[in-house]
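Residue numbers (my numbering), protein chains in the order written: chain A, 601 to 856; chain B, 37 to 204. Using N, Cα and C, we set each Cβ at its ideal position, and we do this for glycine too. Before any comments, here is the structure.
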Amino acid sequence: MKDRHASPIGLEELSAYVDGELNPGRRAVVERYLSDHGEAAGRVSAYRRQDDYLRQALAPLADEGVTRRLATALQRRARGGRTSRWRMAAATALLLLVVVGAGSWWYQTERAGERRMAELVHEAVTAHMAYLSSTGAVDLRSERPKLAAALRRVAGAGAVLPDLIPLGYDLIGGSPLDESAGPAVLLVYRSRSGEVVTCYFGRNGSSEETSYALKESHGINVVSRLEGGLGYAVTGSVASDELMKIAELGYRAISG
Amino acid sequence: MTSFEDRLIAELPALRRYGRVLCREHDAAEDLLQDCVERALQRRHLWRRPGNFRAWLFRIMHNIHANDVRWRARRPPSIAFEEEHAGATAPAQEMRAEVGQTLAAFEQLGGDQRQLLVLIAVEGFSYREAARILALPEGTVMSRMARARERLLDIRDGQARDRVRRIK
């Protein structure tokens, strides 16, 4: 029997019905209405059909290689078990790099010197990102001697912690690192306006000597050079000429 | 027990899709996904309530996107490393005509309507969850969802009329 006096059901309620958002009482009312009103029932099936097309249309976006690589990096991180905060942050930064493509640039490089340089940039940017994503504050008074000792191990007995105060950057922290190629150390500097610049020193087995090279990715600049078994890289989101000045001043601290 | 990372991995494809809907542009969407994963890892200790993990992740992504405009504007355009990725796009999919038309119509919608349709019709979030993700009242979600559906139908009707006109 037709219920001609039922008040019309609005589009809002039809849409909510399709989404299963009505309480049982309203749902029963809407269902009764639909069985009586062909136009409203047609609307409901049009909504459902359209939702289905939309799901099909957007399905490919949820199935591309990038998330597989991210997933692999995350799995490795999860399997890593108990690791230091620093290592955890480094793993996080690494997965960022895997995705931005610095990693692939490294693997595609064939000549040994270029490869060593790419490796250096990769390590320096990873350490830089790891620092930015780590939250732990450092007590610099106790850290300073440790950092200085780590730097001497990497860069030679005459090396001292670079003083970047003339360029407006204070040493705020850092960490000794154990890279696959050998010991390394990351020193972190910050300007009064909050820009963070890191200096990375790492030992490697090569004897390459290069001048300064500049790389840029995602707004991060890296100035790097190889100097007979020592890799040196300065990383930060600052202009490349400013970064070059920092690199040159920092280099003086290890070249005696 | 499923680890935090495993649960995050399970949501990556859907998050990526939502990022693409938020940003439209490929590179910006990849950045957004990375930022979202990073933020979720940093905030894992803030994650407590069971059952709403997906909504939590989507809200993180939504908030990063909403707060991002200023930050992104500060970053210089990036070059070098990523150029090789610029040409990479989704593999062409064979689509039924209706599906392709729906996608074309969807692309014409405003950001708010696209977000709602994806969250509710594609991802299956409830109005309550969508309201939390988008920081909107539930009633607003309900009325906007209805308008988004109608708008999508209108655009497709318009496409159909255009086709008829071309055939005549």
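Pop quiz: Val721 of chain A and Ile820 of chain A are said to be a contact at Cβ under 8 Å. What is the actual Cβ separation, rounded to whole angstroms? If you number the first sequence from 1, residue 721 of chain A lands on position 121. If you number the first sequence from 1, residue 820 of chain A lands on position 220. Between Ile820 of chain A and Val721 of chain A the Cβ distance is about 10 Å, and since that is not below 8 Å, they are no contact.
What's the C-alpha gap between Arg655 of chain A and His728 of chain A? The residue given as residue 655 of chain A occupies position 55 in the first sequence. The residue given as residue 728 of chain A occupies position 128 in the first sequence. Distance between the alpha carbons of Arg655 of chain A and His728 of chain A: 40 Å.
Measuring straight from C-alpha to C-alpha, what distance separates Ala750 of chain A and Ala853 of chain A? Sequence index remark: in the first sequence, residue 750 of chain A carries index 150 (1-based). Sequence index remark: in the first sequence, residue 853 of chain A carries index 253 (1-based). Using only the alpha carbons, I get a separation of about 14 Å.
By the three-class DSSP mapping on this structure, what secondary structure does Leu764 of chain A have? Taking the first residue of the first sequence as position 1, residue 764 of chain A is located at position 164. It is coil, neither helix nor strand.
Span of the beta strand (DSSP E) holding Asp778 of chain A? Here residue 778 of chain A is taken as the residue at index 178 of the first sequence, counted from 1. Unbroken beta strand (DSSP E) run through Asp778 of chain A: Tyr769 to Glu779.
Taking all protein chains shown into account, decide if Gly620 of chain A is buried (16 or more other Cβ within 10 angstroms of its Cβ) or exposed. Looking up residue 620 of chain A in the first sequence gives position 20. By the Cβ-count criterion, Gly620 of chain A is exposed, with fewer than 16 other Cβ atoms from all chains shown falling within 10 Å of its own Cβ.
Closer than 8 Å to chain A by CB, Arg111 of chain B: Walking along the second sequence from the start, residue 111 of chain B turns up at place 75. Only weak support exists for where Arg111 of chain B lies, its pLDDT of 46 falling under 50; the value from the coordinates is given anyway. Closer than 8 Å to some Cβ of chain A, the Cβ of Arg111 of chain B qualifies, so yes.
Ends of the alpha helix (DSSP H) at Ser861 of chain A? With chain A covering 601 to 856 only, the question about residue 861 of chain A has no answer from this structure.
Assess, as a yes-or-no matter, whether the region 133-149 of chain B is touched by the region 187-196 of chain B under the definition of 3 or more beta carbon pairs within less than 8 Å. Enough Cβ pairs lie closer than 8 Å, so yes.
Which residues of chain B have a Cβ atom closer than 9 Å to the Cβ of Glu723 of chain A, listed in chain order? For this step, residue 723 of chain A is matched to residue 123 along the first sequence. Residues of chain B passing the Cβ test: none, with the nearest at roughly 15 Å.
If you pair each beta-carbon of the region 627-643 of chain A with each one of the region 839-846 of chain A, do three or more pairs fall below 8 Å? In the pairwise beta carbon analysis, the region 627-643 of chain A is classified as not touching the region 839-846 of chain A: fewer than three pairs are separated by under 8 Å.
Which same chain residues end up closer than 6 Å to Arg152 of chain B when comparing Cβ atoms and leaving out the 5 residues on each side of it in sequence? Residue numbering aside, residue 152 of chain B sits at position 116 when the second sequence is read from its first letter. The residue asked about is misnamed: residue 152 of chain B is Leu in this sequence, not Arg. Once the five neighbours on either side are set aside, the close Cβ partners of Leu152 of chain B are Arg180, Met181 and Ala184.
Output yes or no for whether 8 Å exceeds the beta carbon distance between Leu771 of chain A and Leu786 of chain A. Against the first sequence, residue 771 of chain A aligns to sequence position 171. Against the first sequence, residue 786 of chain A aligns to sequence position 186. Against a cut-off of 8 Å, the Cβ pair of Leu786 of chain A and Leu771 of chain A comes out as no contact.
Which partner residues of Leu826 of chain A appear in the DSSP bridge assignment? Working through the first sequence from its first residue, we reach residue 826 of chain A at position 226. Bridge partners of Leu826 of chain A: A:Gly831.
Would you list the residues sitting across from Leu814 of chain A in a DSSP beta bridge? For the purposes of this step, residue 814 of chain A is taken as the residue at position 214 of the first sequence. Paired residue(s): A:Val823.
Would you check if the distance between the CB atom of Glu612 of chain A and the CB atom of Val630 of chain A is smaller than 8 Å? Here residue 612 of chain A corresponds to residue number 12 of the first sequence, with the count starting at 1. Here residue 630 of chain A corresponds to residue number 30 of the first sequence, with the count starting at 1. No, these two residues do not count as a Cβ contact at 8 Å.
Apart from the five residues just before and just after Ser791 of chain A, which ones in its own chain have a Cβ nearer than 7 Å to its Cβ? Here residue 791 of chain A corresponds to residue number 191 of the first sequence, with the count starting at 1. Closer than 7 Å at Cβ, skipping near neighbours: Gly768 and Tyr769.
Backbone secondary structure at Leu787 of chain A - three-state DSSP: Indexing the first sequence from 1 puts residue 787 of chain A at position 187. Here Leu787 of chain A sits in strand by DSSP.
Spatial neighbours of Gly774 of chain A in its chain, beta-carbon cut-off 6 Å, leaving aside the 5 residues before and after: As a position in the first sequence, residue 774 of chain A is number 174, starting the count at 1. Leu747, Leu786, Leu787 and Val788.
In whole angstroms, what is the alpha-carbon distance linking Trp83 of chain B and Gly160 of chain B? Taking the second sequence and counting its residues from 1, one reaches residue 83 of chain B at position 47. Taking the second sequence and counting its residues from 1, one reaches residue 160 of chain B at position 124. Looking at the two C-alpha atoms, the distance is approximately 21 Å.
Specify whether the region 790-809 of chain A and the region 827-841 of chain A touch according to this definition: at least 3 beta carbon pairs, one from each stretch, less than 8 Å apart. yes
Compare the beta carbon distance of Leu740 of chain A and Leu44 of chain B with 8 Å and say whether it is the shorter of the two. The count along the first sequence starts at 1 and reaches residue 740 of chain A at position 140. The count along the second sequence starts at 1 and reaches residue 44 of chain B at position 8. In this structure, Leu44 of chain B does not lie closer than 8 Å to Leu740 of chain A by Cβ.
For the region 632-664 of chain A, which residues have a CB atom closer than 7 Å to at least one CB atom of chain B, in sequence order? Cβ contacts with chain B come from Ala646, Tyr647, Gln650, Asp651, Tyr653, Leu654, Arg655, Gln656, Ala657, Leu658, Pro660, Leu661, Ala662, Asp663 and Glu664.
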